[in-house]
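Just below is one structure, and these are the notes that go with it.
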Amino acid sequence: MPAQDPAGPTQEFVSDVFARGCTSRAAFEDVTSKWASLALLALGEGRYRFNALRRRIDGVSERMLSQTLQTLERDGMLTREVLTAIPPRVEYSLTPLGARVAEQLRGLADLLEASVPELQTARDAHERDRGQGHPRRLDHPASTGL
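Residue numbers 722 to 867, in the numbering used here, belong to the letters of the sequence shown in order.
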């Protein structure tokens, strides 16, 4: 049995989301983008075809959704399955890793959705204190993004 290094593991084997070069940090950046988070949340509900997913994620462009899905596929968060049909169909679904990430995001989304009154009160107070006029309402669908 090889002796353990008393200094501990080398940096290449230590995961630290705060370290600039860490793979977990790059994945964290990918997952926490607005469109990726919403795609993961939607796919947490089940398999989606591209256009159905685009309709579910209100406001995302076709190009941005395509780029987002490619990034999430690269990171091992989802799979893209081409189904033999006429015309050919493509469906997206979460991998086990993607499902675990989506579950964590769902908890955050649930917390934020349940906290809309508190968030709106804080935003109203912030805008009032700064005298910046009319704050964006959180009860408007375009305001929440959730």
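Yeah, the Cβ is synthetic: ideal placement off N, Cα and C, and Gly gets one too. Remember, it's a predicted structure, so these values are computed and weren't measured experimentally.
State the DSSP-derived secondary structure class of residue i, mapped to helix, strand or coil.
{"i": "R810", "result": "strand"}
{"i": "T816", "result": "coil"}
{"i": "T753", "result": "coil"}
{"i": "R770", "result": "strand"}
{"i": "T792", "result": "helix"}
{"i": "T805", "result": "coil"}
Which residue's Cα is closest to the Cα of residue i: the options?
{"i": "Y813", "options": "T792, G828, Y769 and R827", "result": "Y769"}
{"i": "W756", "options": "S745, L793, D737 and V837", "result": "L793"}
{"i": "L764", "options": "Q841, A820 and D831", "result": "A820"}
{"i": "L799", "options": "D751, G852, E839 and E848", "result": "D751"}
{"i": "P809", "options": "A843, R795 and F771", "result": "F771"}
{"i": "L818", "options": "G742, C743, R741 and L761", "result": "L761"}
When you compare the CB positions of residue i and residue j, do they come within less than 7 Å of one another, or not?
{"i": "L826", "j": "S745", "result": "no"}
{"i": "G797", "j": "T816", "result": "yes"}
Using 8 Å for Cβ pairs, my map puts residue i next to residue j. What's the rounded Cβ distance?
{"i": "L774", "j": "L786", "result": "7 Å"}
{"i": "V811", "j": "E802", "result": "7 Å"}
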